[in-house]
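Have a look at the structure below, then the notes.
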Amino acid sequence: MVEHIPLELPENPKLAGNITHFARALRRAGLPIGPGRVIDAVRAVQIAGFTNKQDFYWTLHACFVNRPEHRVVYAQVFRLYWRDPQYLEHMMAAMLPAIRGVQEERNAQAAEKRAAEALLDGAEAPVNQPEKEREDSEIEIDASLTISAEERLRSLDFEQMSTAEMAQAKRMLARIKLPVDPMLSRRTQSSQRGRVDAAKTLRAAMRKGGELHKVMYKTSRHRWPNLVVLCDISGSMSQYSRAVLHFLHAVSNAKGAGWAKVHAFTFGTRLTNITRHLHQRDVDAALSAAGAEAQDWEGGTRIGECLEGFNRDWSRRVMGQGAVVLLITDGLERADTDVLAKQMQRLHLSSKRLIWLNPLLRWDEFSAKAQGIKAMLPHVDSFRAGHSIASLEELAAVISRPDDVGEKTRLMSGLADKT
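Note that the sequence shown covers residues 4 to 422 in the working numbering.
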């Protein structure tokens with residue numbers, strides 16, 4: 004028989020109530036928090052004591068966060084919520100102007116809009132609304148799903164999307180196709196017309212006593228290239244990499260897209276092969292398994308070392324002949340750029356096309372000033388943006404065009420002018 008031990012709440016009941024409300028806000032923001040974790044959090048605070056804000060932050064963090072991708076959301080909700088932890092009404096009154104600012108058109112930090120929505124949770128919804136006004140509100144909600152709303156979502160930065168917008172964006176990403184044109188192979192196959200197959204014609208004649216009864220023809224075979232994706236999951240790329248990996252899951256499981264195989268790797272401080280996880284049909288299970296496999300989510304960046312590991316350990320296994328490589332990173336290297344340039348050159352020589360997707364291209368005034376970008380840019384075939392649904396749709400339209408260079412020519416000319 005299990006003995007039920009009564010929970011002794013801290014002396015200040017308002018603090019326990021605010022911890023409960025804080026846990027509800029985290030749950031609305033996407034963290035899997037149940038009643039058991041709330042009880043554990045209250046007990047942990049009771050044992051650790053409320054000495055300073057930093058200790059309180061990490062005490063609740065240990066109780067509520069168990070996945071790397073939840074750290075940013077937790078940090079934003081904590082920052083917004085505990086401005087006034089004494090009274091819930093005072094806290095909400097102080098926070099609503101800041102939250103309204105988050106929900107306006109200004110650029111928000113990663114997860115800030117989702118944290119704000121989780122805390123509001125209808126706080127600004129009108130009460131005692133007349134029936135006619137409620138009918139008008141329903142019409143406005145339906146209008147948010149029109150083509151114009153989807154067009155706005157296509158151009159919206161992944162990092163600025165709210166929880167609802169990101170959920171709708173993922174559904175739109177799952178519908179994007181990434182077709183590829185086949186390549187001519189050196190090998191041939193029998194055909195009714197084409198080039199004369201002299202060897203096969205002579206062998207057929209020998210079986211007939213040397214008499215030529217029929218001329219055999221052959222044509223070149225078509226083969227499909229591999230798609231190899233190297234995705235940066237460092238702190239500055241976390242929101243973009245999640246959206247891109249969701250898109251790659253749909254590409255990996257699409258039928259008739261043309262790719263022979265789709266191989267996916269993540270890198271931050273180390274290289275991780277997540278190919279087998281993306282082959283799972285359920286997208287949530289696939290990305291959850293991939294996140295558990297890659298232990299360096301939202302960490303530092305060592306692009307050169309990770310590319311060196313790929314070139315040494317995986318290039319011959321997954322590249323094949325004529326592989327297309329998608330490199331998804333902001334190019335902000337912290338280590339030696341000479342190593343990075345050497346490994347980029349080797350990767351470029353091993354692939355048919357090397358396409359670099361960089362979310363920093365969302366800025367019109369972007370230029371190749373960072374040393375890492377300067378080292379990488381000469382060794383790519385195409386340099387394109389990768390910050391929105393529209394940018395990925397543009398990629399799907401040009402991925403099979405050998406003449407597409409994206410923004411590389413403009414940026415390389417800028418480097419030449421500076422030198």
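We treat Cβ as the ideally placed atom computed from N, Cα and C, and that holds for glycine.
Reduced DSSP category for residue i - H, G, I as helix; E, B as strand; rest coil
i, result
"Asp367", "coil"
"Gln132", "Confidence is the limiting factor: at Gln132 the pLDDT is only 41, short of 50, which leaves the residue's position unreliable, though a coordinate-based value still follows. In this structure, Gln132 counts as coil in the three-state DSSP scheme."
"Trp227", "coil"
"Gln298", "coil"
"Gly334", "coil"
"Ser416", "helix"
"Ile424", "With the chain running from 4 to 422 in the structure shown, residue 424 is simply not present."
"Val41", "helix"
"Ile61", "The residue asked about is misnamed: residue 61 is Trp in this sequence, not Ile. Looking at Trp61 - three-state DSSP - the assignment turns out to be helix."
"Met186", "strand"
"Ser385", "strand"
"Leu233", "strand"
"Gly409", "strand"
"Gln324", "coil"
"Arg356", "strand"
"Thr166", "helix"
"Leu329", "strand"
"Gly312", "helix"
"His390", "coil"
"Ala3", "The question about residue 3 has no answer, for the chain in this structure spans 4 to 422."
"Ser291", "helix"
"Ser403", "coil"
"Val247", "helix"
"Gly20", "helix"
"Ile306", "helix"
"Gly238", "helix"
"Lys56", "helix"
"Arg349", "helix"
"Arg155", "helix"
"Gly375", "helix"
"Pro35", "coil"
"Asp341", "helix"
"Arg70", "coil"
Pairwise C-alpha distance: residue j and residue i
i, j, result
"Lys372", "Ala51", "47 Å"
"Gly33", "His225", "46 Å"
"Met430", "Leu363", "This structure cannot speak to residue 430, because the chain is shown only from 4 to 422."
"Leu330", "Phe268", "10 Å"
"Met426", "Pro185", "The structure shown does not extend to residue 426, since the chain is modelled only from 4 through 422, so no value can be given for it."
"Val383", "Gly307", "15 Å"
"Phe369", "Gly303", "22 Å"
"Thr191", "Gly212", "26 Å"
"Leu187", "Val321", "19 Å"
"Asp406", "Ile392", "23 Å"
"Glu311", "Gln346", "6 Å"
"Thr23", "Glu72", "22 Å"
"Arg284", "Gln49", "44 Å"
"Ala378", "Arg196", "49 Å"
"Asp145", "Ala152", "Note that Asp145 scores a pLDDT of 40, beneath 50, so its modelled location is shaky; the value from the coordinates is reported in the next line. Looking at the two C-alpha atoms, the distance is approximately 10 Å."
"Ser416", "Tyr84", "48 Å"
"Ser158", "Ile358", "21 Å"
"Ala78", "Asn55", "16 Å"
"Ala326", "Arg356", "7 Å"
"Arg413", "Ile402", "19 Å"
"Thr244", "Gly375", "Residue identity check: residue 244 is Ser in the sequence provided, not Thr. Ser244 and Gly375: Cα-Cα distance of roughly 19 Å."
"Ala344", "Ala167", "40 Å"
"Ala202", "Arg189", "16 Å"
"Gly261", "Asn21", "54 Å"
"Leu380", "Ser237", "20 Å"
"Phe81", "Arg30", "13 Å"
"Ile328", "Asp367", "First, the residue type needs correcting, since residue 328 is Val and not Ile in the sequence shown. Using only the alpha carbons, I get a separation of about 25 Å."
"Trp227", "Val183", "8 Å"
"Thr275", "Ala399", "25 Å"
"Ala19", "Trp61", "16 Å"
"Ala293", "Gly37", "24 Å"
"Ile142", "Lys173", "Summary for Ile142: the model assigns pLDDT 33, below 50, so the residue's position carries little reliability, and this model does not support an answer."
"Leu418", "Lys411", "11 Å"
"Pro35", "Gln324", "44 Å"
Strand pairing of residue i, partner residues [DSSP]
i, result
"Gln192", "Thr222"
Open item on the list: Please give me, in chain order, every unbroken run of the alpha helix (DSSP H) with length at least 4 that falls completely inside the region 256-289.
Closed with: Complete alpha helix (DSSP H) runs here, min 4: 278-281.
Open item on the list: For the structure I just gave you, are there three or more beta carbon pairs, one from the region 178-186 and one from the region 157-168, closer than 8 Å?
Closed with: Too few Cβ pairs lie closer than 8 Å, so no.
Task: Any beta strand (DSSP E) of 3 or more consecutive residues that is wholly inside the region 194-228 - done: Scanning the region 194-228 from its first residue to its last, the whole beta strand (DSSP E) runs of 3-plus residues come out as 220-226.
Open item on the list: If contact is defined by three or more beta carbon pairs under 8 Å, each pair taking one atom from either stretch, is the region 287-300 in contact with the region 336-344?
Closed with: Flag = no, the region 336-344 and the region 287-300 do not touch.
Open item on the list: Three or more C-beta pairs under 8 Å: does that hold for the region 55-73 against the region 33-45?
Closed with: Yes, they touch.
Task: contact_flag[the region 347-355, the region 245-256] where n(CB pairs < 8 Å) is 3 or more - done: Because the criterion of three Cβ pairs below 8 Å is not met, the region 347-355 and the region 245-256 do not touch.
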